[in-house]
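Accompanying notes for the structure given below.
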């Protein structure tokens, strides 16, 4: 390189350094003026009129989110327990008939005679509270009770096919063996002075009498009794005196006054009551047939009459009415209301 070229380099380099320094200085000044505006806190621009303010949302965080405090639901108030109400109610209620003073009538009754259809470990309707290990069931062949107010659809073991009621009594045993009843009869009878006021009850009515579930006064009215055949019913001997060849007879009565509304109640008893002084009480003003039950059992007197269930408090009777309405109304009208004694055919004797 020539000496002249070497001498010009320092000058050119100096000029270039000056120009480059000026450019860098201008750039630095420009940046210094802009950065403070960008990083100045609290200077978010105001939105222009008519522009909705943005909704701020928290930025996502890697930390576990804190659950939002939701309002605890207002606990539902527990309703006050309702009073126990009967399941079966007649609407409208049956009204009592006006009381009259009809001429005296000796009988005013009709029977229903039925064969046993089965033995059951449990009563169709609980409530007798006996120590029986089983129950003898008569009447309808249906094993399930019909809906309230409905007549059972099955056949009947009763002589009158219109009676599809379910009847039952505690099973009696002798020497550990069940005694199968020979005869089962329910006598439907007017139990008030005005027998013309007696009305047919609807299908589904529950009836219980006797057993330890009965109140003392009701137990006395049910008058459970046991006797032997060939004796005057007005002078019945105790069952323990039955002779060989005799039959053991159990008798029990069910009340004949109804409240006119309930086919059943808790306990299956308080919707029915007994007549007093020939009239139904005001609490149960509807006179219905009272049921007089007579069950005849064969026994082996040679073994001694040690029959379980002979205590009054351990024997009872239950029924769920299942008459065809027209048939029962006719029998009540032609037999009880007419003051007649009707036979098993339902005709006055």
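Numbering (the UniProt record's numbering), first residue to last: 1 to 349. Don't be surprised by glycine CBs; every beta carbon is placed ideally from N, CA and C.
- Counting every other CB atom within 10 Å of its CB across the protein chains shown gives residue 349 a total below 16, marking it as exposed.
- Residue 141 carries a coil assignment under DSSP once its states are collapsed to helix, strand and coil.
- In the structure shown, residue 298 falls within a strand segment according to DSSP collapsed to helix, strand and coil.
- Residue state for residue 325 is assigned as helix, using DSSP reduced to three classes.
- In this model, residue 329 and residue 339 are separated by some 15 Å (Cα to Cα).
- With distances taken between CA atoms, residue 197 lies nearest to 335 out of 335, 345, 254.
- Between residue 251 and residue 130, the C-beta gap is not smaller than 8 Å, which leaves the two residues out of contact.
- Residue nearest to residue 346 within the set 95, 97, 110, 264 is 110 (criterion: CA-CA distance).
- Counting along the chain, no beta strand (DSSP E) covers residue 196, and no H or E run does either.
- It is roughly 18 Å from the alpha-carbon of residue 146 to the alpha-carbon of residue 91.
- Assignment of residue 330 by DSSP, reduced to helix, strand and coil, places it in the helix class.
- Counting the other Cβ atoms within 10 Å of the Cβ of residue 95 gives fewer than 16, which makes it exposed.
- For the pair residue 100 and residue 194, the CB atoms are nearer than the 8 Å cut-off.
- Straight across, the Cα-Cα distance linking residue 173 with residue 248 is about 12 Å.
- In its chain, beyond the 5 residues on either side, 116, 117, 118, 119, 120, 124, 166, 167, 168 have a beta carbon closer than 8 Å to the beta carbon of residue 137.
- A Cβ-Cβ separation of about 5 Å places residue 186 in contact with residue 291 under the 8 Å criterion.
- Following the DSSP letters along the chain, one finds residue 109 inside the beta strand (DSSP E) bounded by residues 109-113.
- Comparing alpha-carbon positions, the option among 258, 281, 177 lying closest to residue 132 turns out to be 177.
- Separation of the CB atoms of residue 181 and residue 295 is rounded to 5 Å, and the pair is thereby assigned contact status at 8 Å.
- Among the bridge pairs identified by DSSP, residue 136 is matched with 119, 169.
- Exposed is the label assigned to residue 229, since fewer than 16 other Cβ atoms lie within 10 Å of its Cβ.
- In the DSSP assignment, residue 189 falls within the unbroken beta strand (DSSP E) covering 183-189.
- The stretch 282-291 makes contact with the stretch 255-263; the number of CB pairs closer than 8 Å reaches 3 or more.
- Residue pairing from DSSP places residue 89 in a beta bridge opposite 262.
- Cβ-Cβ distances below 6 Å link residue 314 to 130, 131 in the same chain, with the five nearest sequence neighbours on each side left out; the list follows chain order.
- Residue 152 and residue 332 have their C-alpha atoms some 20 Å from each other.
- For residue 270, there is no enclosing beta strand (DSSP E), as DSSP marks it with neither H nor E.
- The C-beta distance from residue 134 to residue 208 rounds to 17 Å, too long to meet the 8 Å contact threshold.
- In this structure, the beta-carbon distance from residue 260 to residue 93 falls below 8 Å.
- In this structure, residue 150 sits near residue 204, with a CB-CB distance shorter than 8 Å.
- Its chain contains 119, 132, 133, 134, 135, 136, 178, 179, 309 as the residues whose beta carbon lies nearer than 8 Å to that of residue 171, once the 5 sequence neighbours on both sides are disregarded; these appear in chain order.
- Assigned with DSSP and collapsed to three states, residue 241 falls in helix.
- Going by C-alpha positions, residue 200 is about 21 Å away from residue 157.
- Pairing residue 108 with residue 279, the inter-Cα distance amounts to about 16 Å.
- In this structure, DSSP gives residue 177 an extended state, which the three-state scheme calls strand.
- Ranked by Cα distance from residue 299, the options 241, 262, 320, 139 are led by 241.
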